[in-house]
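Beneath this line is the structure, given in structure tokens, with notes to follow.
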Amino acid sequence: MRSMTGYGRASAALGNHTLTVQVNSVNRKTLDLAISLPPEWAEFEAASGELVRRYAARGKVGARFDVTGGEGAPAQAVTWDEAAVEATLDRLVAQAARRGAQPPPVVTPELVWSVASAQRRKTELPADDGTRTLVLGTLEEALKAFAAMRENEGAALLKDFLARIETLAAHIAAIAELAPQVAPAWRDQLMKRLRDAGLELDAGDERVLREVALFADRCDITEELTRLRSHLDQFAALLRGDAEMGRKAEFILQEIGREVNTIGSKANNLEISRRVIELKNELERIREQIANVE
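Read left to right, the sequence shown gives residues 1 to 294 (our numbering).
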């Protein structure tokens, strides 16, 4: 079992810069992936997404790539390819002229710096095979830390789920003990009401026996208890297995809830009704928590 909440981080040297990759996720029914790469590395997005999908099947997952100045890098003047910058500026001015810009655009220091910075950054962040290997390798290191955190949180959640299953099983066992007492208690109440009404009928009277038999049939929860135990065993097996939780867990919890509701409607016993309320409360807690696992 893995939690859908996780975080992982990894760094690597990239020339005089540092590449830092951060991966985080929160719960979501499906996989919602957001990858934030520098524009120069846009071609790495597909491979990055494919790598993330090896580690996460559900959740809102974000992978962010940041490049910062390397620590200890020697101080040096900012340089760029002047010919490339001038060619880009000429193209911008020509494009504006073709579109009828009057007067022609002024080449300001701000515009020169913007174009030069973009050109320099493209030089500093190449998209060659070596860079691709470094970027994806750093992403995988972050994903390994991310997966380890999700595994650790998943283990804690599993422990909590199993404890709650034991609580559910205890309530079910108590209801199973109480169930056989419901019909005899109702029969005694019926006889008391008849006596209070001045009708002295024997407990063996055919009419009394028929009413008691009909009531016993209506309040019988043997089948519901059998199905409830089966669903609970299936849910515990699913939690302990390696299969994805998702819809199967939600379906089993829905079926458990249906059986609990049926028992509640048939209960006709104060203690069983109290146990049913406790079962519903515990089920709601499990439903809320199951949304946080993959």
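Every residue gets a Cβ at the ideal spot worked out from N, C-alpha and C, and that includes glycine. All figures in this text were calculated on a predicted structure; none of them were measured in a lab.
State the start and end residues of the unbroken alpha helix (DSSP H) segment that holds residue 233.
222–240
If I measure Cβ to Cβ from residue 43 and keep anything under 7 Å in the same chain, skipping five residues before and after, which residues do I get?
127
Between which two residues does the alpha helix (DSSP H) harbouring residue 261 extend?
246–266
How many angstroms separate the CA atom of residue 262 from the CA atom of residue 274?
14 Å
Is it true that the CB of residue 294 sits closer than 8 Å to the CB of residue 64?
no
With DSSP run on the structure shown, which of helix, strand or coil describes residue 58?
coil
At the level of alpha carbons, what is the spacing between residue 152 and residue 24?
15 Å
With DSSP as the reference, label residue 210 as helix, strand or coil.
helix
Who are residue 293's beta bridge partners in DSSP?
3
In three-state terms, what does DSSP make of residue 160?
helix
Let me check understanding here. Comparing Cα to Cα, which of 168, 49, 59 lies closest to residue 246?
59
Is the beta carbon of residue 136 closer than 8 Å to that of residue 56?
no
Inter-residue spacing [alpha-carbon to alpha-carbon] between residue 210 and residue 268
18 Å
Do you know whose CA, among 259, 54, 232, lies nearest residue 223's CA?
259
Alpha carbon to alpha carbon, what distance is there between residue 236 and residue 271?
26 Å
Using only CA atoms, which one of 286, 221, 257 lies nearest to residue 158?
286
Classification of residue 162 by the beta-carbon crowding that lies within 10 angstroms, buried from 16 upward:
exposed
Measuring CB to CB, does residue 283 end up less than 8 Å from residue 238?
no
Beta-bridge pairing of residue 35 - partner residues as DSSP gives them:
63
May I ask you to list the residues that DSSP assigns as paired with residue 273?
Paired residues: none, contrary to the question.
Count the other CB atoms, across all protein chains shown, that sit within 10 Å of the CB of residue 22; report buried if there are 16 or more and exposed otherwise.
buried
Comparing C-alpha positions only, which one of 15, 6, 41 sits nearest to residue 61?
6
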